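Read the structure below first, then the notes.
Protein chains: 2
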Amino acid sequence: MSSGGKKKGPVFDSPQQQAWLQLWRTYDRLKVLEDQLFGSFEISSQQYNLLRLLEAASPDALRTLDLARRMISRSPDITRMLDRLESQGWIARDRPKDNRRTVLVSITPAGLRLLQKIAHPLAECHRQQLGHLGRESLADLVRLLRAAGAPHEPEGSPWGAPGIAGPR
Amino acid sequence: MSSGGKKKGPVFDSPQQQAWLQLWRTYDRLKVLEDQLFGSFEISSQQYNLLRLLEAASPDALRTLDLARRMISRSPDITRMLDRLESQGWIARDRPKDNRRTVLVSITPAGLRLLQKIAHPLAECHRQQLGHLGRESLADLVRLLRAAGAPHEPEGSPWGAPGIAGPR
DNA sequence: CAAGGAAAGTTGTTTCAACAATTATTCGTT
DNA sequence: AACGAATAATTGTTGAAACAACTTTCCTTG
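As structure tokens, this is what we get:
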């Protein structure tokens, strides 16, 4: 018999498992907040991520698969995701005549306005998510997360550990 | 013009946003590995989590919504998830005569055997996910993640910061 | 310049997640 | 014991994720 505590939390198989489950859990809790926010704009966090990438590239366009590669979360269903965004008017697609294989995606003025509308509420959401952590803790967290994911990032990914992919 | 570095990574709006996006990214990278593993057993990580909870409770059964509450990731579709697990024979449901409102869920012997089959490959997967981090880094990571999620955990959650919910 | 092969997207299909609305059962109060 | 409120679970519906198979276009190379 143990010492008599009534509420026993989860018991972990290994420190690695514990870290992974805590990561999963924390991700899920914070995601709830984002989902609520984006839901009020009839958009998903994935879609927002995509629009931000297009905004950063704007006024240039990005090819579909380049876009998919840059997304935070992998997106094998990129085509239909673009379908939805296009039908809502946030993005435009263009199949250039000189290379009919690729599709160039760009954000529309309406899409840019949408991002502006979201900007402030989203900043507030981020404060609600993690505003209770000090700058130092946030930096530590980022550093540890980068170290955790680094071996699983492709060669020059900006998400990998610094020093591996930095400009030399 | 900037100082001439060619590859500019993502630019963040705030440290909170950076931490959140890094968390999201790291979660996604690590999840890929788990998904592969569980996929080879024709199960999802959510389903595995559920089976582990039932294993821990075994030989007792858990009520459906209690089960849903204990899951790492919220699961509003618990009913159909149980449908699937039941049709595969991993769990059993019982509607007791003395309280026909609740449904008691328990893991079957076949379910327990499945967990045994998964145990070793999964431990290997966890090593692949995070085995490159030392014990200290793992502990730091867990501590920071707990702190990050703590305000968003319900009262006595075992995932919240220690000291808030610990046995007194 | 023609054939094979690689690259870029699309489509088909199945499964899963989210949210709301609904049913079924129990509990509390009179 | 009957009514309304609360609780527990299911169902309906829509939208999105995962994976594979398939088309179209371009590139290479003999």
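So the protein sequences, as listed, match chains A and B. Under my numbering, the residue at position 19 of the first sequence is numbered 19, and the numbers go up by one with no gaps. Under my numbering, the residue at position 50 of the second sequence is numbered 218, and the numbers go up by one with no gaps. Each residue gets a CB set at the ideal place from its N, CA and C atoms; glycine is no exception. All values derive from a computational prediction rather than experimental measurement.
Check: Report the rounded CA-to-CA distance for B/SER212 versus B/ARG252, giving the unit in angstroms.; Outcome: 11 Å
Check: Is B/LEU230 helix, strand or coil by DSSP?; Outcome: strand
Check: Between A/ARG135 and chain B, is there a C-beta pair that is closer than 9 Å?; Outcome: yes
Check: Can you find a C-beta in chain B that's less than 9 Å from the C-beta of A/ASP13?; Outcome: yes
Check: Taking the alpha-carbon positions, what's the A/LEU112 to B/THR247 distance?; Outcome: 40 Å
Check: Measuring straight from C-alpha to C-alpha, what distance separates B/LEU222 and B/PRO277?; Outcome: 11 Å
Check: Buried or exposed for B/GLN190, please, with buried defined as at least 16 other CB atoms from any protein chain shown within 10 angstroms of its CB.; Outcome: buried
Check: Would you mind working out which of A/ARG93, A/GLY149, A/SER87 and A/ARG146 sits nearest A/SER106, comparing C-alpha positions?; Outcome: A/ARG93
Check: Could you please give the first and the last residue of the uninterrupted beta strand (DSSP E) stretch that includes B/SER325?; Outcome: Where B/SER325 is concerned, there is no enclosing beta strand (DSSP E), given that its DSSP letter is neither H nor E.
Check: Going along chain A in order, which residues have a C-beta closer than 9 Å to the C-beta of B/HIS300?; Outcome: ALA147, ALA148, ALA150 and PRO151
Check: Is it true that the CB of B/LEU313 sits closer than 9 Å to the CB of A/ALA56?; Outcome: no
Check: At 8 Å on the CB atoms, spell out the chain A contacts of B/LEU191, in chain order.; Outcome: LEU23, THR26, TYR27, LEU30, LEU141 and LEU145
Check: Give me the residue from B/ALA291, B/LEU309, B/GLN284 and B/LYS265 with the minimum Cα distance to B/GLU202.; Outcome: B/ALA291
Check: Quick check on B/GLY334: buried or exposed, where buried means 16 or more other Cβ atoms within 10 Å of its Cβ?; Outcome: Here B/GLY334 scores only 44 on pLDDT, less than 50, and its place in the model is too uncertain to base an answer on.
Check: Would A/ALA56 pass as an interface residue toward chain B - the criterion being a Cβ-Cβ separation below 9 Å?; Outcome: yes
Check: How many whole angstroms separate the CB atoms of B/GLN184 and A/LEU138, which I take to be in contact at a CB cut-off of 8 Å?; Outcome: 7 Å
Check: Output, in sequence order along the chain, the residues in the stretch 279–297 of chain B whose CB is closer than 7 Å to any CB in chain A.; Outcome: ALA291, HIS294, ARG295 and GLN297
Check: B/LEU198 and B/GLN297 look like a contact to me (Cβ under 8 Å); what is the Cβ gap, rounded to whole Å?; Outcome: 5 Å
Check: With C-beta atoms as the reference, is B/LEU205 less than 9 Å away from B/CYS293?; Outcome: yes
Check: For the stretch 62–89 of chain A, which residues have a CB atom closer than 8 Å to at least one CB atom of chain B, in sequence order?; Outcome: ILE72, SER73 and ARG74
Check: Under three-state DSSP, which class holds B/VAL200?; Outcome: helix
Check: Measuring straight from C-alpha to C-alpha, what distance separates A/ALA161 and A/SER40?; Outcome: 35 Å
Check: Kindly list the residues whose CB is nearer than 7 Å to the CB of B/SER255, restricted to its own chain and excluding five residues on each side of it in sequence; keep chain order.; Outcome: none
Check: Hey, how far is the Cα of A/VAL11 from the Cα of A/HIS132?; Outcome: 28 Å
Check: Should A/LEU82 and A/ARG95 be called a contact, given that it needs their Cβ atoms to be closer than 9 Å?; Outcome: no
Check: Going along chain A, which residues have a C-beta under 8 Å from B/LEU306?; Outcome: PRO15, GLN16, GLN18 and ALA19
Check: From the DSSP output, read off the bridge partner residues of B/ALA260.; Outcome: B/SER274
Check: Measure the CB-CB distance between B/VAL195 and A/TRP159 and report whether it falls below 9 Å.; Outcome: Reading off the sequence, residue 195 of chain B comes out as Tyr, not Val. Not closer than 9 Å, so no.
Check: Alpha carbon to alpha carbon, how far is B/GLY172 from A/GLN46?; Outcome: Bear in mind that a pLDDT of 47 at B/GLY172, under 50, signals an unreliable position, so the number given afterwards is only what the model happens to contain. Cα to Cα, B/GLY172 sits roughly 30 Å from A/GLN46.
Check: Is there at least one Cβ from chain B nearer than 9 Å to A/LEU33's Cβ?; Outcome: yes
Check: Distance check for A/GLY149 and A/SER58, CA to CA, integer angstroms please.; Outcome: 29 Å
Check: Residue range of the alpha helix (DSSP H) that A/GLU136 falls in?; Outcome: 135–149
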